[in-house]
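*Asks:*
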Amino acid sequence: MVYRRIFDDAITRLKDERRYRVFVDLERDAGAFPRALWRRGEGLPREVTIWCSNDYLCMGRHPEVIAAMSEAAARHGVGSGGTRNISGTNHPLVELEAELAGLHGKEAALVFTSGWISNLATISTIGDLLPNCLILSDQLNHNSMIEGVRRSKAERQIFRHNDLAHLEELLAKAGPERAKLIVFESLYSMNGDIALVGQIADLAKRYNAMTYMDEVHAVGLYGPHGGGIAERDGVMDRIDVIEGTLAKGFGTLGGYIAASEAIVDAVRSYAPSFIFTTALPPAVAAAAKAAVGFLKQRQGAELRAQHQRQSMLTKHALSAAGLPVMANPSHIVPVLVGDAELCKAATDMLLERHSIYIQPINYPTVAKGSERLRITPTPLHSDAHVAELVEALVDVWQSLKLPFVEQPKIIEFRREAEAHCTYPEMKRAAE
Ligand SMILES: Cc1ncc(COP(=O)(O)O)c(C=O)c1O
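Right, here's the structure in full:
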């Protein structure tokens, strides 16, 4: 057995399928975001503009968050020293859980080492604890939710993406007596579309099902206090488990669930991926708590408004230039390429020629034929940055002979944005 060859062949297969991932070595500058240094091996580093960060609100470089982390590290040290059960339950982590429970209007919250682990741990545990459980899972759910569904002993059925008629059909078929868990996301990060959360909660009530909602791409970003889409839509109390990350809108690291005391206690007590791993360090917990606290306040609402404004502006500017922006009502700006090789070529050209960094999104993250650039404006992307981006993308589209669209598709998105919008700035940008 030539072990080495097996790994080499595995990588060759990925390369043949255009699925091989190349990481860009970045040195972020807290004072200059979205500018960063691109470290290019032997070559001289080059300044680039990041357009694909999930640090959506730039909380990862916010002075109050940095101060909270530095103070906690100096005071408590940098590690947690153990699992939650064996000396790792540090006080900042306990405080963070209380803050998160409050944010989502729930009795309790539980913090995990990542959002990925929160989904895996919670969905599989609930699925195992509910007798003869049927999990109904949205077709476009994130990998971490799929892993949670797969690892549980529950039966699973997939409903077509955001198709409530299909979901209802499956709920009705299962009958009111059977334990059922509906698993879905509030905001799907690759398309940027938003679930009809209230209507899913209605269905859950009608058919006596539990609801589990991933708000990873919405917490911090939506709702008057950053509680996500459920807060924006006034339905937090109608979702049994809200799951979020600390790594995107809150700019740090870790994941969590917020739910009833009974659910949180059960997951805490049964989930191996929660129990048998080292707890989050106190400095990370303190930084996350500072970010959550900041975003709950008026200044947080202003940052959200600025974020929405820059996202809308980017969508409109790209769309007006004839670029194929995929319509959606959120802050995500997907631009369709539709071919893996061209998608990679476009992002290489953006980086090399224009010093703009956008990671290509290819299969299996999105379906083949729907390869895209996923652009994520932040409050720190200025109008001048947006203008630079438009110019660079038009050049890349022309150089690679990618198709422009004649009828900008932004119209549909604008209508939805207006219907949902909570911020005056957002309304103005949508007009
Ligand atoms: C919908 C969704 N859920 C969960 C996660 C995992 O979150 P984390 O990055 O905190 O592990 C991601 C990551 O991108 C995601 O997109």
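According to my numbering, the stretch in the sequence shown is residues 139 to 569, in order. Yeah, the Cβ is synthetic: ideal placement off N, Cα and C, and Gly gets one too.
1. Should the segment 208 to 216 be called in touch with the segment 399 to 411, which here means at least 3 C-beta pairs below 8 angstroms?
2. What did DSSP end up calling S275 once you bin it into helix, strand or coil?
3. So V463 is in the alpha helix (DSSP H); what residue range does that whole segment cover?
4. What's the gap between the Cα of V140 and the Cα of R151?
5. So, with DSSP's three-state summary, where would you put Y326?
6. Does the distance from the CB of G389 to the CB of G243 come in under 7 angstroms?
7. Is E353 near ligand 1, judged by its Cβ being under 6 angstroms from some heavy atom?
8. Quick check: the segment 437 to 452 against the segment 250 to 259, are at least 3 beta-carbon pairs closer than 8 angstroms?
9. Closest to L488 by C-alpha separation, out of L302, V528, G382 and N500, would be which residue?
10. Hey, is H280 close to ligand 1, as in C-beta under 6 angstroms from one of its heavy atoms?
11. List in chain order: all unbroken alpha helix (DSSP H) runs of 4+ residues lying wholly within the segment 279 to 318.
12. Provide the residue span of the beta strand (DSSP E) that contains E544, from first to last.
13. Distance check for L359 and D486, CA to CA, integer angstroms please.
14. Please confirm whether C271 and A292 have their CB atoms less than 7 angstroms apart.
15. Relative to the alpha-carbon of K539, which residue among A505, L175 and D477 has its alpha-carbon at the smallest distance?
16. For Y394, does the three-state DSSP call read helix, strand or coil?
17. Less than 7 angstroms separating the beta-carbons of L341 and E306?
18. Roughly how many angstroms separate the alpha carbons of N300 and G220, rounded to a whole number?
19. For the segment 375 to 426, which segments carrying the alpha helix (DSSP H) assignment without a break, of at least 4 residues, lie completely within its bounds, in sequence order?
20. For F250, report the span of its beta strand (DSSP E) as first-last.
21. How would you write the range of the alpha helix (DSSP H) that D486 sits in, first residue to last?
*Replies:* In short, the structure shows the following:
1. Of all C-beta pairs linking the segment 208 to 216 to the segment 399 to 411, fewer than three are shorter than 8 angstroms, placing the two stretches out of contact.
2. The three-state secondary structure of S275, taken from DSSP, is strand.
3. No alpha helix (DSSP H) contains V463, which DSSP labels as neither H nor E.
4. Their Cα atoms are separated by approximately 17 angstroms.
5. When secondary structure is reduced to three states using DSSP, Y326 falls in the coil class, being assigned neither helix nor strand.
6. No, they are not a contact pair.
7. Distances taken from the Cβ of E353 to the heavy atoms of ligand 1 include none shorter than 6 angstroms.
8. Output reads no: the segment 437 to 452 does not touch the segment 250 to 259.
9. Selection L302, V528, G382 and N500 evaluated against L488 yields V528 as nearest (Cα-Cα).
10. Yes, the Cβ of H280 comes within 6 angstroms of a heavy atom of ligand 1.
11. Counting whole runs of 4 or more residues, the segment 279 to 318 contains the alpha helix (DSSP H) stretches 281 to 289 and 302 to 312.
12. Unbroken run through E544: none, as it is neither H nor E.
13. Looking at the two C-alpha atoms, the distance is approximately 30 angstroms.
14. Judged by beta-carbon spacing, A292 lies within the 7 angstroms limit of C271, meaning their Cβ atoms are closer than that value.
15. The shortest Cα separation from K539 among A505, L175 and D477 belongs to D477.
16. Here Y394 sits in strand by DSSP.
17. With contacts defined by Cβ atoms closer than 7 angstroms, L341 and E306 form a contacting pair.
18. C-alpha separation (whole angstroms): 41 angstroms.
19. Segments of the alpha helix (DSSP H) lying fully in the segment 375 to 426: 399 to 408 and 410 to 413.
20. That run of the beta strand (DSSP E) goes A246 to F250.
21. Element bounds for D486: A478 to H492.
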